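In my numbering, the protein residues as written are 5 to 316. Positions of the beta carbon are idealized from the N, C-alpha and C atoms, including for glycine. Note that the structure is predicted; figures quoted are calculated from it, not measured. Since the structure comes first, as C-alpha cells, the remarks are kept for the end.
Listed below in C-alpha cells is the structure:
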C-alpha cells in the first residue's frame with residue numbers, strides 16, 4: 005500500500021519534472037491505494053439523482069466500454085481502494101476514472117436559479133457556499149452542459165455564436181452550492197481587448213476565490229486535442245487549482261474532421277499528452293449534452309467533493 009498525505013485544501017508540489025502537481029482536491033487526509041496495474045472495467049451506471057446513492061446501486065455492465073488500470077483511477081479523499089477489492093469495478097462512475105466514495109450523497113438538483121453576473125471576483129456572492137466552475141474553449145458546450153445538469157433548457161444562455169458568456173455567472177443549486185459559468189477562452193473573433201479582460205478576471209477568480217472547490221475544464225472530445233486546452237490544464241496545475249476534465253460532445257463521430265478517431269480515442273490521446281505533466285492523473289468524465297451521458301456522474305462527483313469540503 006502507498007499512503008499519500010496531502011495538505012488541507014492545497015495540492016502537493018512534486019519533484020517530477022516538469023514542476024506540475026497532483027490534481028487531487030485540497031485535503032489533508034491520507035489516500036491509501038495499491039498501485040498495481042490490474043485493469044478494471046468502467047461499469048454502466050444505474051444511478052438516479054433523486055435520492056442519496058449508495059455504492060451498491062452500481063452494477064457491472066455486460067459490455068464494458070473502457071478499461072482503466074488501477075493507478076489511473078481518481079481516488080477521492082478519505083477513500084481506500086485495493087486491487088483485491090472485488091467490488092471496486094462497481095464503484096467506478098460510468099465513462100470516467102472516478103471511484104465513488106461514501107460522500108456521494110444528496111446529488112439531486114431540486115432547485116436551480118440564476119443569482120448574478122460579475123466582472124470582478126470581489127463582486128461574486130459572499131455567502132460562503134461551495135462553488136464548482138465550468139470553463140473551456142469557446143463553443144465547447146458549457147452552457148448546454150449546465151442546462152443538462154439542472155435539467156433546464158434555458159437556465160444558462162446558449163448560443164451558436166462562441167464567446168457569448170462574458171461574465172462570471174453564478175447559479176445557486178438547492179440553496180446550498182453554486183455552479184459557475186465562466187467566459188470561454190480561445191475565440192479568435194472576439195476583440196483582443198475583450199479576450200484579455202476575460203482572461204484576467206477569470207484567472208483572478210481561480211486564484212482568489214476561497215469557496216472554489218474545483219474547476220471543471222471542458223474539452224471537446226469530438227476533435228483532436230487543442231494546444232490551448234493543454235496549456236490551460238497546465239496553468240491550473242501550476243497554480244494549484246483542483247480540476248476535473250469534462251470531455252464534451254462524446255456522442256459525435258466526426259470522422260472526416262478527426263481522421264476517423266472516435267471520442268474515446270480523443271479522450272485517450274488527450275490524457276496521454278498530459279501524462280508527463282502530472283504525477284497523478286486528474287479525474288475525468290465523458291459527457292454529451294445531447295444524450296445526457298455523464299450528467300448523473302458529474303452530479304455524484306460534485307456531491308462527494310462538496311460533502312467532503314463541507315466536512316473539512
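Indicate whether the contact test is met: 3 or more Cβ pairs, each with one atom in the region 138-149 and one in the region 84-100, closer than 8 Å. no
Quick check: what's the CA-CA separation for residue 85 versus residue 123? If you number the chain shown from 1, residue 85 lands on position 81. If you number the chain shown from 1, residue 123 lands on position 119. Each residue's alpha carbon lies about 42 Å from the other.
Taking the DSSP output, what are the residues bridged to residue 174? In the chain shown, counting from the first residue as 1, residue 174 sits at position 170. According to DSSP, which records beta bridges pairwise, residue 174 is partnered with 120 and 184.
Using only alpha-carbon positions, find the residue among 139, 79 and 216 that is nearest to residue 314. Counting from one through the chain shown, the residue named residue 314 turns up at place 310. It is 216 whose Cα lies nearest to the Cα of residue 314.
Determine the direct distance from the alpha carbon of residue 254 to that of residue 174, and round the result to whole angstroms. Mapped onto the chain shown, residue 174 falls at position 170. Mapped onto the chain shown, residue 254 falls at position 250. One C-alpha to the other measures close to 26 Å.
Going by alpha carbons, who is nearest to residue 239 out of 252, 96, 80 and 208? Locating residue 239 in the chain shown gives position 235, where the first residue counts as 1. When each option's Cα is compared against that of residue 239, the closest is 208.
CB-CB length for residue 285 against residue 245, believed under 8 Å: Position 281 of the chain shown, counting from 1, holds the residue named residue 285. Position 241 of the chain shown, counting from 1, holds the residue named residue 245. Rounded, the Cβ-Cβ distance is 16 Å, inconsistent with contact.
Own chain residues within Cβ distance below 6 Å of residue 77, not counting five before or after: Position 73 of the chain shown holds residue 77. Hits under 6 Å: 101 and 103.
Let me check understanding here. Comparing Cα to Cα, which of 269, 312, 293 and 248 lies closest to residue 139? In the chain shown, the residue the question calls residue 139 occupies position 135. Nearest option by C-alpha distance: 248.
Report back the beta-carbon spacing between residue 312 and residue 107 to the nearest angstrom; my notes put them in contact at under 8 Å. Along the chain shown, one-based indexing puts residue 312 at 308. Along the chain shown, one-based indexing puts residue 107 at 103. Indeed they touch by this definition, with Cβ atoms about 5 Å apart.
Find out if the Cβ-Cβ distance for the pair residue 105, residue 308 is shorter than 8 Å. The residue labelled residue 105 in the question sits at position 101 within the chain shown. The residue labelled residue 308 in the question sits at position 304 within the chain shown. Yes, these two residues count as a Cβ contact at 8 Å.
Three-state secondary structure assigned by DSSP to residue 271: Numbered from 1 along the chain shown, position 267 holds the residue referred to as residue 271. Helix.
Please state if the CB of residue 136 and the CB of residue 306 are separated by a distance shorter than 8 Å. Residue numbering aside, residue 306 sits at position 302 when the chain shown is read from its first letter. Residue numbering aside, residue 136 sits at position 132 when the chain shown is read from its first letter. Yes, the pair counts as a contact, with Cβ atoms nearer than the cut-off.
Of the residues 229, 180 and 203, which one's Cα is nearest the Cα of residue 276? Position 272 of the chain shown holds residue 276. It is 229.
Out of 114, 233 and 300, state which residue places its alpha-carbon closest to the alpha-carbon of residue 274. Counting from 1 along the chain shown, the entry for residue 274 is found at position 270. The candidate whose alpha carbon is nearest that of residue 274 is 233.
List the residues that DSSP assigns as beta-bridge partners of residue 100. Within the chain shown, residue 100 is the residue found at index 96, counting from 1. Looking at the DSSP assignment, residue 100 forms a beta bridge with 289.
Take residue 317 and list the residues in its own chain whose beta-carbon comes closer than 7 Å to its own, dropping the five residues that flank it on each side. The question about residue 317 has no answer, for the chain in this structure spans 5 to 316.
Same chain, Cβ closer than 6 Å to residue 296, five either side skipped, listed in chain order: Here the question's residue 296 lines up with position 292 in the chain shown. Closer than 6 Å at the Cβ level, and outside the excluded window around residue 296, lie 152.
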